[in-house]
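First the structure, in the form of structure tokens, and then the observations on it.
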Amino acid sequence: MRNLYLTQTATIVDIKSQNSMVRVFVLKPENGKLFNYWPGQFINLSIKGFGEAPFAVCSAPSKTGEFQICAQKKGVLTGKLFALSMGDKVGFRGPYGNGFPLSKIAKRNLTLIAGGVGLAPLRPLIQLIRSRSFEFGKIQLFCGAREKQMLLFQNEYDAWQKHLQINLTLDIASENWKGNVGLITDLFDKIKLVKNPVLIMCGPAIMYPAVIKKLKQKKVTEKDIYVLLERRMHCGIGICQHCVLVNGKYVCKDGPVFNYAEIKNSPGAI
């Protein structure tokens, strides 16, 4: 039986800067074993003396055993993480949680909605779609950020566009930006949703109510809406009670991917 609290050691084998505040860290477990996980799951990453925090795995499972996390510099742990270099080591445990319901979305049209760093947890699904596009219907991505430099994975968009429609918007107009400027919900009035989509959304909590309201106006059914929730998930296995919702669901073990219909009546969930 797997020890759910067991911390493994991983080596940082690459660091990819997205902007001044966001970096992708490529990690390789020290034991040389494949790290098996499901797209949408998360790990708890730790640095001795600086604590531990949950991070979504932002890459699809790899035969090399490597996996990636996307970190935004905003606290003690991430501050230390940003000070590390290739070859340095970190601790991690997991994977935890339930990922994307691939069996329920297979053969369906998909609409992915990402706000800011919320694109990172959706990236494994996008990578999976690219490698197994025959298993899905039409795919579209709506992605918003405050300004152009905050759009993540920009160097991958050309490859993604071979498999899905990408629609971008910025809160603030940037120099040489020719795309949409405004809220992500504005895009839904300008670009038609794919027919009968399953919708998967990840972004800041403040974004969810407005997007869900707009989707209902577009006749998207509640059972076809999935959201990723973020909480302070200290233990990762439903023991510490930090992430429990009013309805008794745990973000760490029942989520972080939830069907909207199962949490819509839980105050504070969204």
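Quick note: the sequence shown uses my numbering, first residue 34, plus one each step.
Beta carbons: idealized from backbone N, C-alpha and C, even for Gly.
query: Can at least three beta-carbon pairs, one atom from the segment 62–77 and one from the segment 156–169, be found at a separation below 8 Å?; result: yes
query: Assuming LEU152 and PHE186 are in contact, meaning their beta carbons sit under 8 Å apart, how far apart are those beta carbons, in whole angstroms?; result: 7 Å
query: Name the two residues that bound the continuous alpha helix (DSSP H) containing ALA192.; result: 190–193
query: Going by DSSP, what residues sit across from PRO230 in a beta bridge?; result: Paired residue(s): none; PRO230 is not in a bridge.
query: For the putative contact between TYR283 and GLY301, defined by C-beta atoms under 8 Å, what is the C-beta separation to the nearest angstrom?; result: With a Cβ gap of about 14 Å, TYR283 and GLY301 do not count as contacting.
query: By a C-beta neighbour count over all protein chains shown, 10 Å radius and 16 as the cutoff for buried, is PHE133 buried or exposed?; result: buried
query: State the start and end residues of the unbroken beta strand (DSSP E) segment that holds LEU152.; result: No beta strand (DSSP E) holds LEU152; the alpha helix (DSSP H) holding it covers 152–164.
query: If you run the structure through DSSP and keep just helix, strand and coil, what is LYS137?; result: helix
query: Which same chain residues end up closer than 6 Å to LEU261 when comparing Cβ atoms and leaving out the 5 residues on each side of it in sequence?; result: PRO154, CYS235, PRO289, VAL290
query: Between the alpha carbons of THR40 and PHE83, how many angstroms are there, rounded?; result: 15 Å
query: In this structure, how does DSSP classify VAL284 when only helix, strand and coil are distinguished?; result: coil
query: Could you check which residue in PHE115, TYR259, SER299 has the C-alpha nearest to that of ILE45?; result: PHE115
query: Per DSSP, LEU220 is paired with what?; result: Paired residues: none, contrary to the question.
query: What number of angstroms, rounded off, separates the C-alpha of GLY215 from the C-alpha of ASN64?; result: 47 Å
query: Less than 8 Å separating the beta-carbons of ILE233 and LEU135?; result: no
query: Measure how close the beta-carbons of SER92 and GLN101 come, nearest whole angstrom, since I'm counting them as under 8 Å.; result: 4 Å
query: Sort out for me which residues DSSP pairs LEU117 with in a bridge.; result: According to DSSP, LEU117 bridges with nothing at all.
query: GLY170 to ASN142, Cα distance in whole Å?; result: 4 Å
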